[in-house]
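Colleague: Each step along the sequence shown adds one to the number in my numbering, with nothing skipped, and position 97 is 105.
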Amino acid sequence: MFVDSHCHVDFHSYADERPAVLDRARAAGVEMFLEICGGDLERDSLTVGMELVEGNSDVFGAVGVHPHDAKAYNEALEERIIAIAGHPKIVAWGEIGLDYYYDNSPRDVQQRVFIRQMELAREHNLPLILHIRDADDDMVALLREHWTGVARPGIFHCFSGSRPLMEAGIELGFHISFSGNVTFKKAQDLRDIAKDVPLDRLLIETDCPFLSPEPFRGKRNEPARVVEVARCLSGLRDLPMEEIGRITTANFKRLFELA
Ligand SMILES: [Zn+2]
Ligand SMILES: [Zn+2]
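1. Go through its chain and collect everything with a Cβ distance to A18's Cβ below 6 angstroms, but skip five positions before and after it.
2. Within 7 angstroms: the Cβ of E103 and any heavy atom of ligand 1?
3. Taking the straight line between their C-alpha atoms, what separation do you get for A202 and H20?
4. Going by DSSP in three states, V234 sits in which element: helix, strand or coil?
5. Please confirm whether I163 and I123 have their CB atoms less than 8 angstroms apart.
6. Would A143 and Y110 qualify as a contact pair, given that the criterion is a beta-carbon distance under 8 angstroms?
7. Taking DSSP as the reference, what is the three-state secondary structure of G226?
8. Any idea which residues DSSP pairs M40 with across the strands?
9. Can you check DSSP and say which residues form a bridge with A84?
10. Any heavy atom of ligand 1 closer than 7 angstroms to the CB of H165?
11. Okay, do the segment 29-39 and the segment 116-130 touch, 3+ Cβ pairs below 8 angstroms being the bar?
12. On the premise that G188 lies in contact with V158, defined as a C-beta separation below 8 angstroms, what is that separation, rounded to the nearest angstrom?
Next comes the structure, spelled out in C-alpha cells:
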C-alpha cells in the first residue's frame, strides 16, 4: 500500500473527475492522501480541498498559505485558515515556505508570512509542509530561529534542493518527500540525494496535477502515479517497491499520528 503525502486534487484541472481520480489511486494501492487545501487561493482551493477532506475517509488535509500567495495574506484570510486548522482531519500546516524561483510575492513578504504561519502551527501543534525553491539558506536560517523544540517538525515536500539542505532537514527532524521529479532523466543529482535519506524519514508524493513522473512526464499528474515514485526509489534503494510503500506509509502514519 502507498500514501500520496502531497496532492492538489482540488485543482481546477480535475473539474468533475475528482471521485474517479481518487478511485484510480485506490485501485493502484493508494491507501491515504494528504490534500493541500489552499494551494491556489484564486480558485478557492480552501473550499474544494475541505470538501474532499470531509467527503472521503482516506483523505486528510493540510491548510496554509503558499509562498506564491503570501502577498494576499491578511487578517481575514488568517481567520479563515485558523478556523479550518481546527478541523479534526487537518493534520498539518502547509504548504508554506519560500519560493525565490518564481518570486510571485516579494521575498520579505514571503518571509514574514512564513514566520507568522510557523507561530500559528506551533499554537495548533501541527507539523509543517514546507515548499522550498531556490531558498535553501534562508529556509534553514528561519527554521533554526523559529522551529526548534518541536515534537513533529514536518516535511520538506517535493524535495529538489541541495545535499546540504537535505542534511539540514534531517538534523532538524524533518521528513524528506520525493515527487515525480526524482524520475526525470536529468535528475541524477536528486537521485543521489534520495539514496541517502534515512529510511525512517522518507516519504513519497505526487504534488499532482504537477510533475508527472516518467513515463507520463508532461501529462496531468494524479495520485495513482505515486506508485511510479515508489518504483524509482525501489531501484535506488535496492528494496522491493512494496517495501518502499510499507516504509513510507508507516512514516506518514507516525508523523501525523494516524492509525
Ligand atoms: Zn510546493
Ligand atoms: Zn504542492
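No residue lacks a Cβ here, since even glycine has one placed at the ideal position from N, Cα and C.
Modeller: According to the data block:
1. As a first step, residue 18 must be located in the sequence shown, where it is residue number 10. Just to set this straight, residue 18 is Asp in the shown sequence, not Ala. Result list for D18: S53, V56, G57, in chain order.
2. As a position in the sequence shown, residue 103 is number 95, starting the count at 1. Indeed, a heavy atom of ligand 1 lies less than 7 angstroms from the Cβ.
3. Position 194 of the sequence shown, counted from the first residue, corresponds to residue 202. Position 12 of the sequence shown, counted from the first residue, corresponds to residue 20. Cα to Cα, A202 sits roughly 31 angstroms from H20.
4. Against the sequence shown, residue 234 aligns to sequence position 226. For V234, the three-state secondary structure derived from DSSP is helix.
5. Position 155 of the sequence shown holds residue 163. Position 115 of the sequence shown holds residue 123. In this structure, I123 does not lie closer than 8 angstroms to I163 by Cβ.
6. Locating residue 143 in the sequence shown gives position 135, counting from the first residue. Locating residue 110 in the sequence shown gives position 102, counting from the first residue. Not in contact: A143 and Y110 (Cβ atoms no closer than 8 angstroms).
7. Within the sequence shown, the letter at position 218 stands for residue 226. Of the three classes helix, strand and coil, the one that applies to G226 here is coil, per DSSP.
8. What you label residue 40 is simply residue 32 of the sequence shown in a count that begins at 1. M40 is bridged to V11.
9. Within the sequence shown, the letter at position 76 stands for residue 84. Per DSSP, none; premise fails for A84.
10. One-based indexing of the sequence shown puts residue 165 at position 157. The answer is yes for H165.
11. No, they do not touch.
12. What you label residue 158 is simply residue 150 of the sequence shown in a count that begins at 1. What you label residue 188 is simply residue 180 of the sequence shown in a count that begins at 1. So it is not a contact: roughly 29 angstroms between Cβ atoms.
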